[in-house]
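Reviewing the structure listed below.
Numbering (our numbering), first residue to last: 13 to 472.
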(Lines of atoms letter the chains of each structure in order from A and count residues from 1; the text may use other names and numbers.)
(Lines give C-alpha, C1' and ligand atoms only; values in the text may rest on other atoms or scores of the structure.)
Protein backbone atom coordinates (compact mmCIF):
# COMPACT_ATOMS: atom_id res chain seq x y z
CA UNK A 1 0.00 0.00 0.00
CA UNK A 2 1.48 3.34 -1.06
CA UNK A 3 2.30 6.05 1.44
CA UNK A 4 -0.12 8.98 1.81
CA UNK A 5 1.52 12.38 2.31
CA UNK A 6 -0.12 15.70 3.13
CA UNK A 7 1.68 18.84 1.91
CA UNK A 8 0.93 22.10 3.69
CA UNK A 9 1.58 25.30 1.75
CA UNK A 10 0.77 29.00 1.51
CA UNK A 11 -1.20 30.82 -1.16
CA UNK A 12 1.77 32.01 -3.23
CA UNK A 13 3.40 28.58 -3.54
CA UNK A 14 0.26 26.49 -4.08
CA UNK A 15 0.25 26.52 -7.88
CA UNK A 16 3.96 25.80 -8.15
CA UNK A 17 3.67 22.94 -5.65
CA UNK A 18 0.85 21.40 -7.68
CA UNK A 19 2.88 21.61 -10.90
CA UNK A 20 5.99 20.12 -9.33
CA UNK A 21 4.20 17.21 -7.66
CA UNK A 22 2.30 16.49 -10.86
CA UNK A 23 5.50 16.43 -12.92
CA UNK A 24 7.21 14.15 -10.38
CA UNK A 25 4.64 11.38 -10.89
CA UNK A 26 5.41 10.07 -7.39
CA UNK A 27 4.67 6.55 -6.23
CA UNK A 28 3.08 7.91 -3.06
CA UNK A 29 -0.44 9.38 -2.84
CA UNK A 30 -0.66 13.00 -1.81
CA UNK A 31 -2.90 15.92 -1.06
CA UNK A 32 -2.12 19.63 -0.91
CA UNK A 33 -3.65 21.75 1.83
CA UNK A 34 -3.37 25.50 1.35
CA UNK A 35 -3.41 26.58 4.96
CA UNK A 36 -4.59 30.16 4.42
CA UNK A 37 -1.45 32.30 4.71
CA UNK A 38 0.44 34.07 1.93
CA UNK A 39 3.98 32.98 2.73
CA UNK A 40 5.44 30.00 4.59
CA UNK A 41 7.33 32.20 7.05
CA UNK A 42 4.00 33.37 8.46
CA UNK A 43 2.74 29.83 9.08
CA UNK A 44 2.65 28.97 12.78
CA UNK A 45 1.97 25.90 14.91
CA UNK A 46 -1.29 27.37 16.22
CA UNK A 47 -2.54 28.15 12.71
CA UNK A 48 -1.82 24.62 11.54
CA UNK A 49 -3.40 23.00 14.61
CA UNK A 50 -6.52 25.18 14.26
CA UNK A 51 -7.00 24.80 10.53
CA UNK A 52 -5.99 21.17 9.96
CA UNK A 53 -8.21 18.37 11.22
CA UNK A 54 -6.61 15.73 13.41
CA UNK A 55 -8.73 13.20 11.52
CA UNK A 56 -6.63 13.46 8.34
CA UNK A 57 -5.74 9.81 7.48
CA UNK A 58 -2.21 10.60 6.24
CA UNK A 59 1.04 8.79 7.00
CA UNK A 60 3.20 11.89 6.92
CA UNK A 61 2.82 15.67 6.84
CA UNK A 62 5.36 17.91 5.08
CA UNK A 63 5.49 21.61 5.91
CA UNK A 64 7.41 24.27 3.93
CA UNK A 65 11.15 24.57 4.54
CA UNK A 66 10.71 28.10 5.92
CA UNK A 67 8.24 27.01 8.58
CA UNK A 68 9.79 28.00 11.93
CA UNK A 69 7.62 26.11 14.39
CA UNK A 70 8.18 23.05 16.58
CA UNK A 71 7.95 19.90 14.45
CA UNK A 72 7.87 17.57 17.47
CA UNK A 73 4.90 19.42 18.90
CA UNK A 74 3.00 19.07 15.63
CA UNK A 75 3.98 15.40 15.29
CA UNK A 76 2.59 14.67 18.74
CA UNK A 77 -0.57 16.67 18.07
CA UNK A 78 -1.38 14.93 14.76
CA UNK A 79 0.11 11.58 15.79
CA UNK A 80 2.15 11.26 12.54
CA UNK A 81 5.64 12.44 11.56
CA UNK A 82 5.74 16.11 10.55
CA UNK A 83 8.78 17.03 8.45
CA UNK A 84 10.24 20.21 7.05
CA UNK A 85 10.59 20.17 3.26
CA UNK A 86 13.25 21.97 1.19
CA UNK A 87 13.58 25.75 1.50
CA UNK A 88 13.28 26.05 -2.27
CA UNK A 89 10.19 24.23 -3.46
CA UNK A 90 11.82 23.52 -6.83
CA UNK A 91 14.16 21.13 -4.97
CA UNK A 92 11.26 18.88 -3.97
CA UNK A 93 12.22 16.10 -6.45
CA UNK A 94 15.75 16.01 -4.99
CA UNK A 95 14.27 16.00 -1.49
CA UNK A 96 12.59 12.70 -2.21
CA UNK A 97 15.05 11.17 -4.66
CA UNK A 98 18.26 11.83 -2.74
CA UNK A 99 17.20 11.73 0.86
CA UNK A 100 18.44 8.19 1.60
CA UNK A 101 21.84 8.47 -0.16
CA UNK A 102 22.63 11.70 1.68
CA UNK A 103 21.96 10.05 5.01
CA UNK A 104 24.47 7.30 4.18
CA UNK A 105 27.43 9.53 3.29
CA UNK A 106 29.39 8.64 6.41
CA UNK A 107 31.54 5.73 5.27
CA UNK A 108 34.85 5.93 3.43
CA UNK A 109 37.70 3.66 2.44
CA UNK A 110 40.64 6.07 2.49
CA UNK A 111 42.25 7.72 5.53
CA UNK A 112 43.32 11.36 5.58
CA UNK A 113 46.76 12.33 6.88
CA UNK A 114 46.58 16.10 7.49
CA UNK A 115 50.00 17.76 7.48
CA UNK A 116 50.88 20.58 9.83
CA UNK A 117 53.63 22.27 7.85
CA UNK A 118 56.72 23.60 9.67
CA UNK A 119 55.52 22.08 12.94
CA UNK A 120 58.99 22.44 14.50
CA UNK A 121 58.58 26.23 14.86
CA UNK A 122 55.11 25.97 16.38
CA UNK A 123 54.44 25.42 20.06
CA UNK A 124 52.72 22.27 21.27
CA UNK A 125 49.67 24.37 22.13
CA UNK A 126 49.52 25.84 18.62
CA UNK A 127 49.89 22.41 17.04
CA UNK A 128 47.15 20.99 19.26
CA UNK A 129 44.79 23.81 18.27
CA UNK A 130 45.42 23.19 14.56
CA UNK A 131 45.09 19.43 15.09
CA UNK A 132 41.62 19.80 16.60
CA UNK A 133 40.46 21.85 13.62
CA UNK A 134 41.90 19.31 11.16
CA UNK A 135 40.25 16.43 13.03
CA UNK A 136 36.93 18.28 12.94
CA UNK A 137 37.33 18.64 9.17
CA UNK A 138 37.92 14.92 8.68
CA UNK A 139 41.57 14.13 9.43
CA UNK A 140 42.33 10.61 10.72
CA UNK A 141 46.04 11.22 11.27
CA UNK A 142 47.91 14.42 12.15
CA UNK A 143 51.16 14.59 10.18
CA UNK A 144 53.92 16.61 11.85
CA UNK A 145 55.94 18.27 9.09
CA UNK A 146 59.53 18.66 10.28
CA UNK A 147 62.01 21.17 8.88
CA UNK A 148 65.60 20.82 7.61
CA UNK A 149 68.25 22.02 10.07
CA UNK A 150 65.61 23.00 12.62
CA UNK A 151 65.53 21.33 16.01
CA UNK A 152 62.10 19.92 16.94
CA UNK A 153 62.88 19.84 20.66
CA UNK A 154 59.24 19.35 21.70
CA UNK A 155 58.51 16.53 19.22
CA UNK A 156 57.89 13.95 21.96
CA UNK A 157 55.59 16.27 23.94
CA UNK A 158 53.67 17.14 20.79
CA UNK A 159 53.10 13.50 19.85
CA UNK A 160 51.89 12.76 23.37
CA UNK A 161 49.51 15.76 23.31
CA UNK A 162 47.92 14.78 19.97
CA UNK A 163 47.50 11.16 21.00
CA UNK A 164 45.88 12.32 24.26
CA UNK A 165 42.93 13.68 22.23
CA UNK A 166 42.48 10.32 20.51
CA UNK A 167 44.14 10.97 17.17
CA UNK A 168 46.92 9.08 15.42
CA UNK A 169 50.19 10.83 14.57
CA UNK A 170 52.75 10.61 11.78
CA UNK A 171 56.21 12.18 11.73
CA UNK A 172 57.29 13.54 8.35
CA UNK A 173 61.03 14.17 8.17
CA UNK A 174 64.11 13.73 6.03
CA UNK A 175 66.11 13.40 9.22
CA UNK A 176 66.54 9.80 10.38
CA UNK A 177 67.10 10.82 14.00
CA UNK A 178 63.77 12.65 14.05
CA UNK A 179 62.05 9.59 12.58
CA UNK A 180 63.56 7.40 15.31
CA UNK A 181 62.66 9.89 18.05
CA UNK A 182 59.12 10.16 16.75
CA UNK A 183 58.69 6.39 16.60
CA UNK A 184 60.01 5.96 20.15
CA UNK A 185 57.60 8.67 21.34
CA UNK A 186 54.63 6.72 20.00
CA UNK A 187 54.10 8.01 16.45
CA UNK A 188 51.84 5.64 14.54
CA UNK A 189 53.46 6.31 11.15
CA UNK A 190 56.72 7.73 9.81
CA UNK A 191 57.38 9.38 6.45
CA UNK A 192 59.39 8.12 4.75
CA UNK A 193 61.55 5.02 4.25
CA UNK A 194 63.41 4.15 1.04
CA UNK A 195 66.37 1.96 0.16
CA UNK A 196 68.57 4.84 1.34
CA UNK A 197 67.50 4.66 5.00
CA UNK A 198 66.07 1.17 5.36
CA UNK A 199 68.86 0.52 7.84
CA UNK A 200 66.90 2.35 10.60
CA UNK A 201 63.99 -0.08 10.30
CA UNK A 202 65.04 -2.09 13.38
CA UNK A 203 64.84 1.10 15.46
CA UNK A 204 61.24 1.83 14.48
CA UNK A 205 57.98 0.77 16.06
CA UNK A 206 55.85 2.78 13.62
CA UNK A 207 54.30 1.90 10.28
CA UNK A 208 56.48 3.38 7.52
CA UNK A 209 55.45 4.98 4.25
CA UNK A 210 57.78 3.62 1.57
CA UNK A 211 58.95 5.82 -1.30
CA UNK A 212 61.29 5.40 -4.32
CA UNK A 213 65.01 6.00 -3.82
CA UNK A 214 64.89 8.71 -6.48
CA UNK A 215 62.03 10.53 -8.26
CA UNK A 216 60.10 8.29 -10.64
CA UNK A 217 62.12 5.17 -9.78
CA UNK A 218 59.32 2.61 -9.48
CA UNK A 219 61.82 -0.27 -9.57
CA UNK A 220 63.42 0.81 -6.30
CA UNK A 221 60.00 1.09 -4.69
CA UNK A 222 59.13 -2.37 -5.95
CA UNK A 223 62.30 -3.80 -4.40
CA UNK A 224 61.71 -2.31 -0.97
CA UNK A 225 58.07 -3.39 -1.04
CA UNK A 226 59.14 -6.97 -1.58
CA UNK A 227 61.52 -6.72 1.40
CA UNK A 228 58.69 -5.61 3.66
CA UNK A 229 56.36 -8.28 2.32
CA UNK A 230 58.99 -10.94 3.03
CA UNK A 231 59.51 -9.55 6.55
CA UNK A 232 55.72 -9.44 7.04
CA UNK A 233 56.00 -5.85 8.26
CA UNK A 234 53.07 -3.47 7.80
CA UNK A 235 53.66 -0.51 5.44
CA UNK A 236 52.19 1.92 2.90
CA UNK A 237 53.77 2.50 -0.51
CA UNK A 238 53.84 5.93 -2.21
CA UNK A 239 55.12 6.26 -5.82
CA UNK A 240 54.84 10.10 -5.35
CA UNK A 241 52.40 12.31 -7.26
CA UNK A 242 54.30 14.93 -9.29
CA UNK A 243 53.09 18.44 -10.25
CA UNK A 244 51.67 19.26 -13.69
CA UNK A 245 54.41 19.60 -16.34
CA UNK A 246 56.87 17.96 -13.99
CA UNK A 247 55.83 14.36 -14.55
CA UNK A 248 52.19 14.49 -13.45
CA UNK A 249 50.80 12.05 -16.03
CA UNK A 250 53.67 9.59 -15.62
CA UNK A 251 53.21 9.68 -11.85
CA UNK A 252 49.53 8.73 -12.19
CA UNK A 253 50.58 5.78 -14.34
CA UNK A 254 53.00 4.72 -11.60
CA UNK A 255 50.12 4.48 -9.14
CA UNK A 256 48.10 2.43 -11.63
CA UNK A 257 51.04 0.12 -12.36
CA UNK A 258 51.81 -0.30 -8.66
CA UNK A 259 48.23 -1.40 -8.00
CA UNK A 260 48.44 -3.89 -10.89
CA UNK A 261 51.70 -5.32 -9.50
CA UNK A 262 50.51 -5.50 -5.88
CA UNK A 263 46.75 -5.91 -5.60
CA UNK A 264 46.67 -6.24 -1.81
CA UNK A 265 49.18 -3.70 -0.45
CA UNK A 266 48.29 -0.36 1.11
CA UNK A 267 49.03 2.57 -1.20
CA UNK A 268 49.58 6.16 -0.07
CA UNK A 269 49.28 9.38 -2.09
CA UNK A 270 50.27 12.96 -1.24
CA UNK A 271 47.90 15.36 -2.99
CA UNK A 272 49.64 18.66 -2.24
CA UNK A 273 51.83 18.65 -5.36
CA UNK A 274 48.66 19.06 -7.38
CA UNK A 275 46.36 21.10 -5.13
CA UNK A 276 48.97 23.52 -3.79
CA UNK A 277 50.91 23.93 -7.04
CA UNK A 278 47.95 24.57 -9.36
CA UNK A 279 46.19 27.94 -9.49
CA UNK A 280 42.68 26.54 -9.22
CA UNK A 281 40.07 26.32 -6.50
CA UNK A 282 40.90 23.08 -4.77
CA UNK A 283 37.41 21.55 -4.45
CA UNK A 284 37.26 20.26 -8.03
CA UNK A 285 40.89 19.16 -7.95
CA UNK A 286 40.30 17.18 -4.76
CA UNK A 287 37.17 15.62 -6.26
CA UNK A 288 39.12 14.31 -9.26
CA UNK A 289 41.99 13.12 -7.09
CA UNK A 290 39.66 11.21 -4.80
CA UNK A 291 38.01 9.68 -7.86
CA UNK A 292 41.45 8.40 -8.86
CA UNK A 293 42.02 7.21 -5.28
CA UNK A 294 38.71 5.35 -5.38
CA UNK A 295 39.39 3.65 -8.71
CA UNK A 296 42.86 2.49 -7.64
CA UNK A 297 41.79 1.55 -4.11
CA UNK A 298 44.40 3.87 -2.59
CA UNK A 299 44.25 3.56 1.18
CA UNK A 300 45.47 6.93 2.48
CA UNK A 301 46.18 10.46 1.28
CA UNK A 302 48.41 13.18 2.70
CA UNK A 303 46.61 16.53 2.51
CA UNK A 304 48.19 19.97 2.86
CA UNK A 305 46.30 23.24 3.15
CA UNK A 306 48.83 26.07 3.14
CA UNK A 307 47.96 28.23 0.11
CA UNK A 308 44.88 30.43 0.26
CA UNK A 309 43.16 28.54 -2.54
CA UNK A 310 43.59 25.29 -0.57
CA UNK A 311 42.32 26.49 2.79
CA UNK A 312 39.51 23.90 2.81
CA UNK A 313 41.39 20.96 1.30
CA UNK A 314 40.91 18.65 4.28
CA UNK A 315 37.15 19.17 4.42
CA UNK A 316 36.95 18.88 0.62
CA UNK A 317 38.92 15.64 0.65
CA UNK A 318 36.70 14.30 3.41
CA UNK A 319 33.55 15.09 1.41
CA UNK A 320 35.06 13.71 -1.81
CA UNK A 321 36.16 10.40 -0.27
CA UNK A 322 32.64 9.80 1.07
CA UNK A 323 31.00 10.66 -2.25
CA UNK A 324 33.38 8.40 -4.17
CA UNK A 325 33.01 5.56 -1.67
CA UNK A 326 29.23 5.76 -1.90
CA UNK A 327 29.30 5.87 -5.71
CA UNK A 328 31.69 2.93 -5.98
CA UNK A 329 29.79 0.85 -3.44
CA UNK A 330 26.51 1.44 -5.27
CA UNK A 331 28.05 1.05 -8.75
CA UNK A 332 26.97 4.48 -9.91
CA UNK A 333 28.50 7.75 -11.06
CA UNK A 334 29.51 10.35 -8.45
CA UNK A 335 26.66 12.44 -9.84
CA UNK A 336 23.59 13.72 -8.00
CA UNK A 337 24.91 12.26 -4.77
CA UNK A 338 25.80 15.31 -2.68
CA UNK A 339 26.36 19.06 -3.16
CA UNK A 340 29.23 19.54 -0.69
CA UNK A 341 31.86 20.16 -3.39
CA UNK A 342 29.71 22.56 -5.41
CA UNK A 343 31.21 25.57 -3.69
CA UNK A 344 31.03 28.09 -6.55
CA UNK A 345 28.21 26.52 -8.53
CA UNK A 346 24.77 24.96 -8.22
CA UNK A 347 23.65 21.55 -9.40
CA UNK A 348 20.23 22.70 -10.51
CA UNK A 349 19.97 26.40 -11.30
CA UNK A 350 16.61 27.89 -10.37
CA UNK A 351 15.65 30.90 -12.48
CA UNK A 352 11.97 31.68 -12.89
CA UNK A 353 10.58 32.69 -16.26
CA UNK A 354 8.82 36.02 -16.78
CA UNK A 355 5.52 34.16 -16.92
CA UNK A 356 6.12 32.49 -13.57
CA UNK A 357 7.13 35.78 -11.97
CA UNK A 358 4.07 37.56 -13.40
CA UNK A 359 1.90 34.81 -11.92
CA UNK A 360 3.42 35.37 -8.46
CA UNK A 361 3.06 39.14 -8.83
CA UNK A 362 -0.65 38.78 -9.54
CA UNK A 363 -1.12 37.07 -6.18
CA UNK A 364 0.77 39.65 -4.11
CA UNK A 365 -1.59 42.05 -2.32
CA UNK A 366 0.68 43.51 0.36
CA UNK A 367 3.78 45.68 0.77
CA UNK A 368 6.13 42.77 1.54
CA UNK A 369 9.08 42.92 -0.86
CA UNK A 370 9.69 39.70 -2.80
CA UNK A 371 13.11 39.19 -4.31
CA UNK A 372 13.30 36.53 -7.01
CA UNK A 373 16.02 35.67 -9.50
CA UNK A 374 14.58 35.33 -12.94
CA UNK A 375 16.04 34.62 -16.33
CA UNK A 376 15.85 38.38 -16.90
CA UNK A 377 17.72 39.49 -13.74
CA UNK A 378 16.89 40.35 -10.12
CA UNK A 379 13.16 40.92 -9.70
CA UNK A 380 11.96 43.01 -6.75
CA UNK A 381 8.27 43.65 -6.29
CA UNK A 382 5.33 44.11 -3.93
CA UNK A 383 1.76 45.24 -4.45
CA UNK A 384 2.88 48.83 -5.23
CA UNK A 385 6.04 48.47 -7.35
CA UNK A 386 8.02 46.17 -9.57
CA UNK A 387 11.61 46.54 -10.75
CA UNK A 388 14.15 44.40 -12.61
CA UNK A 389 17.87 45.07 -12.16
CA UNK A 390 21.29 43.53 -11.77
CA UNK A 391 22.80 45.58 -8.96
CA UNK A 392 21.44 46.68 -5.54
CA UNK A 393 21.91 50.32 -6.58
CA UNK A 394 19.42 49.78 -9.42
CA UNK A 395 16.59 49.54 -6.88
CA UNK A 396 17.34 52.21 -4.30
CA UNK A 397 15.15 55.03 -5.58
CA UNK A 398 12.03 52.89 -5.97
CA UNK A 399 12.16 50.99 -2.69
CA UNK A 400 11.08 54.01 -0.61
CA UNK A 401 12.76 52.89 2.61
CA UNK A 402 14.72 56.08 3.38
CA UNK A 403 12.90 56.49 6.69
CA UNK A 404 13.01 52.81 7.68
CA UNK A 405 16.61 51.98 8.60
CA UNK A 406 15.97 48.38 9.68
CA UNK A 407 14.13 47.52 6.49
CA UNK A 408 16.73 49.29 4.33
CA UNK A 409 19.41 47.22 6.10
CA UNK A 410 17.46 44.00 5.45
CA UNK A 411 16.91 44.79 1.77
CA UNK A 412 20.57 45.76 1.34
CA UNK A 413 21.66 42.35 2.64
CA UNK A 414 19.15 40.44 0.53
CA UNK A 415 19.89 42.36 -2.67
CA UNK A 416 23.64 41.86 -2.21
CA UNK A 417 23.05 38.11 -1.82
CA UNK A 418 20.83 38.12 -4.90
CA UNK A 419 23.48 39.97 -6.93
CA UNK A 420 26.22 37.50 -5.94
CA UNK A 421 23.95 34.54 -6.73
CA UNK A 422 23.01 35.97 -10.13
CA UNK A 423 26.64 36.73 -11.04
CA UNK A 424 27.98 33.32 -9.98
CA UNK A 425 25.08 31.24 -11.26
CA UNK A 426 23.95 30.14 -7.81
CA UNK A 427 20.47 29.80 -6.40
CA UNK A 428 19.00 32.51 -4.21
CA UNK A 429 16.30 31.97 -1.62
CA UNK A 430 15.12 35.10 0.15
CA UNK A 431 15.86 35.18 3.91
CA UNK A 432 18.46 32.40 3.62
CA UNK A 433 22.23 32.49 3.21
CA UNK A 434 23.76 31.37 -0.06
CA UNK A 435 25.04 27.80 -0.08
CA UNK A 436 28.80 27.34 -0.50
CA UNK A 437 29.22 23.61 0.17
CA UNK A 438 32.20 22.76 2.38
CA UNK A 439 33.77 26.16 1.61
CA UNK A 440 31.69 27.66 4.39
CA UNK A 441 30.43 25.78 7.41
CA UNK A 442 26.66 25.68 7.32
CA UNK A 443 25.07 26.93 10.51
CA UNK A 444 22.39 24.67 11.91
CA UNK A 445 19.41 26.87 12.69
CA UNK A 446 16.95 26.13 15.47
CA UNK A 447 13.84 27.38 13.70
CA UNK A 448 11.83 27.41 16.92
CA UNK A 449 14.24 29.97 18.43
CA UNK A 450 15.07 31.97 15.31
CA UNK A 451 14.11 35.67 15.50
CA UNK A 452 11.18 36.81 13.38
CA UNK A 453 12.21 37.43 9.80
CA UNK A 454 12.13 41.05 8.74
CA UNK A 455 10.00 40.57 5.65
CA UNK A 456 7.39 43.29 6.01
CA UNK A 457 7.75 46.99 5.42
CA UNK A 458 6.49 49.03 8.35
CA UNK A 459 3.09 50.61 7.89
CA UNK A 460 3.34 54.39 7.88
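Positions of the beta carbon are idealized from the N, C-alpha and C atoms, including for glycine.
(request) Look at the Cβ atom of residue 325, then the Cβ atom of residue 317, and state whether they are nearer than 7 Å. (result) yes
(request) Return yes when the Cβ of residue 72 is within less than 7 Å of the Cβ of residue 48, no when it is not. (result) no
(request) Alpha carbon to alpha carbon, how far is residue 222 from residue 113? Give it in angstroms, no decimals. (result) Here the model assigns residue 113 a pLDDT of 39, short of 50, so the residue's position is not dependable and the matter cannot be decided.
(request) Measuring alpha carbon to alpha carbon, tell me which of 167, 166, 127 ends up nearest residue 154. (result) 127
(message) Along the chain, where does the alpha helix (DSSP H) containing residue 266 start, and where does it finish?
(response) 260-273
(request) Alpha carbon to alpha carbon, how far is residue 391 from residue 429? Give it in angstroms, no decimals. (result) 13 Å
(message) Could you compute how far the alpha carbon of residue 147 sits from the alpha carbon of residue 334?
(response) 16 Å
(message) Looking only at its chain, what residues have a beta carbon closer than 7 Å to the beta carbon of residue 111, apart from the 5 residues adjacent to it on each side?
(response) With a pLDDT of only 42 at residue 111, under 50, the local geometry of the prediction cannot be trusted, and no value is derived from it.
(request) Determine which residues share a DSSP beta bridge with residue 220 and list them. (result) 202
(message) Tell me the DSSP secondary structure of residue 278 in three-state form.
(response) strand
(message) Less than 8 Å between C-beta atoms, sequence neighbours within five positions excluded: which residues of the same chain meet that for residue 286?
(response) 253, 255, 256, 260, 297, 301
(message) Please report the straight-line C-alpha distance between residue 16 and residue 348, rounded to a whole angstrom.
(response) 26 Å
(request) Compare the beta carbon distance of residue 124 and residue 305 with 7 Å and say whether it is the shorter of the two. (result) no
(message) With H, G and I counted as helix, E and B as strand and the rest as coil, what does DSSP make of residue 195?
(response) helix
(message) For residue 91 and residue 29, I'd like the C-alpha separation in whole angstroms.
(response) 25 Å
(request) Could you have a look at residue 21 and say whether DSSP puts it in helix, strand or coil? (result) strand
(request) Along the alpha helix (DSSP H) that carries residue 176, what are the first and last residues, could you check? (result) 167-176
(request) If I'm right that residue 234 touches residue 273 with Cβ under 8 Å, what's the distance once you round it to whole angstroms? (result) 7 Å
(message) What residue range does the beta strand (DSSP E) around residue 399 cover?
(response) 398-401
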